[in-house]
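To start, the structure under review is shown below, and the notes come after it.
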Amino acid sequence: MLNIVIFGPPGAGKGTQSARLTEKYHLIHLSTGDILRGEIESGSILGQEAKLLMDQGLLVPDEIVITMINNKLVQNSNATGFIFDGFPRTIHQAEALDRLLYAKGTGISMTLALDISNEELIQRIIKRGEELGRTDDQDLDTISKRITEYTSKTAPLKEYYSKQKKFFAIRGVGSIDEIFNSLCMAVESHYNPGQKQVYSAPPLPAVLPSVLAEKQVKKVEKKVAAKAATKTTKKLTKNVVKNVIKKVAKKTTKKTVKKAAKKTAKKLPAKKVISKKKNTSKKAPKKKAAGKKKTRR
Ligand code: ADP
670 MLNIVIFGPP
680 GAGKGTQSAR
690 LTEKYHLIHL
700 STGDILRGEI
710 ESGSILGQEA
720 KLLMDQGLLV
730 PDEIVITMIN
740 NKLVQNSNAT
750 GFIFDGFPRT
760 IHQAEALDRL
770 LYAKGTGISM
780 TLALDISNEE
790 LIQRIIKRGE
800 ELGRTDDQDL
810 DTISKRITEY
820 TSKTAPLKEY
830 YSKQKKFFAI
840 RGVGSIDEIF
850 NSLCMAVESH
860 YNPGQKQVYS
870 APPLPAVLPS
880 VLAEKQVKKV
890 EKKVAAKAAT
900 KTTKKLTKNV
910 VKNVIKKVAK
920 KTTKKTVKKA
930 AKKTAKKLPA
940 KKVISKKKNT
950 SKKAPKKKAA
960 GKKKTRR
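The letter at position 54 of the sequence shown is residue 723 when you use the numbering used here, and the numbering goes up by one with no holes.
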């Protein structure tokens, strides 16, 4: 499989070039920004909450985007390759992506980074804001916050993929055709279909969705057990429960993540939950007294 991460700051031209690469190499284009904007348009709760963060130039929580990407990978199980655009944006997302692909018997083939100066970026974003009306492209404070988020959380992925010898920088300035040609040259010179996939992500940490899923499994198991006791429907297997959970997990919104994390926080050792909070959130709930257990946004 040809799995490309297209990498670069906001406004670098990832979307434009991804569309072309998708067509040329018959890939599935997965853009987390587009998926989130789709949620906003549909008016879903996830979309409404994501919009609040996106309009401030902040990243959406890792667990939300990882779940979205996982769903897309499952939906496109026959794909011959993917182009990941706007994902991963944090080390945690990159590790999760490595795990998801490894579980499918594949991995990232290469990361193609569009190199471009901040001045050029800002000009392009403002122009895009005028042309497409994206609210996060129209305000200078939001634009600069997005660039700061990129520098602090996303740029470190350069080292992550360089260590795996999968990081290739491409000059992101010039005509769309020129940049596209450079990208194609990089794809053709670095793609090795027989590449042995190495599982480079660290051992699985307590990722919130799995904690959540386990908790939901237990909850439903309890319900099922109670039902079974009264109705003597003892043949409900764990698989049935898991199927129910899969359906529930698909509908998991930020709100339910928050709710479940709150409950989980009470039962899990405090350290685990607090460290997750530190990774993804800067806002502490206003009313909580200092020293009280933190929960996810
Ligand atoms: P750009 O690359 O120009 O910033 P995107 O469409 O990729 O545009 O992203 C727009 C916004 O969507 C981001 O600023 C962020 O709030 C949110 N977003 C997109 N992808 C992710 C991701 N992988 N993780 C967290 N937030 C994301």
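The beta-carbon is built from N, C-alpha and C at its ideal position, and this holds for glycine as well.
query, result
"Heavy atom of ligand 1 within 7 Å of residue 756 beta-carbon", "yes"
"Residue-level contact to chain E via CB, residue 862, 8 Å cutoff", "Protein chain content of the structure displayed is limited to a single chain, and chain E is not contained in it."
"Cβ-Cβ separation, residue 837 to residue 855 (assumed contact under 8 Å), whole Å", "5 Å"
"6 Å Cβ shell around residue 727 - same chain, five flanking residues per side excluded", "none"
"Sequence ranges, beta strand (DSSP E) only - wholly within the region 735-788, length at least 3", "750-754, 779-784"
"Contact under 8 Å by Cβ, residue 784 with residue 698", "no"
"Whole runs of the beta strand (DSSP E) within the region 681-718, excluding any shorter than 3 residues", "697-700"
"Any non-hydrogen atom of ligand 1 within 7 Å of residue 792 CB", "no"
"C-alpha distance - residue 771 paired with residue 749, whole-angstrom precision", "15 Å"
"Three-way DSSP call (helix, strand, coil) for residue 672 in this model", "strand"
"Cβ contact check for the region 702-718 and the region 813-829: 3 or more pairs under 8 Å", "no"
"Cβ-based neighbour list, residue 849, same chain, cut-off 7 Å, excluding 5 preceding and 5 following", "686, 689"
"Beta-carbon contacts of residue 814 that lie in its chain and below 8 Å, excluding the five residues immediately before and after", "725, 726, 727"
"Pairwise C-alpha distance: residue 816 and residue 704", "20 Å"
"Residues that DSSP places opposite residue 840 in a beta bridge", "784"
"Straight-line Cα distance separating residue 673 from residue 723", "24 Å"
"Residue 677, DSSP secondary structure in three states", "coil"
"Three-state secondary structure (DSSP) of residue 727", "coil"
"Euclidean distance between Cα positions of residue 794 and residue 679", "8 Å"
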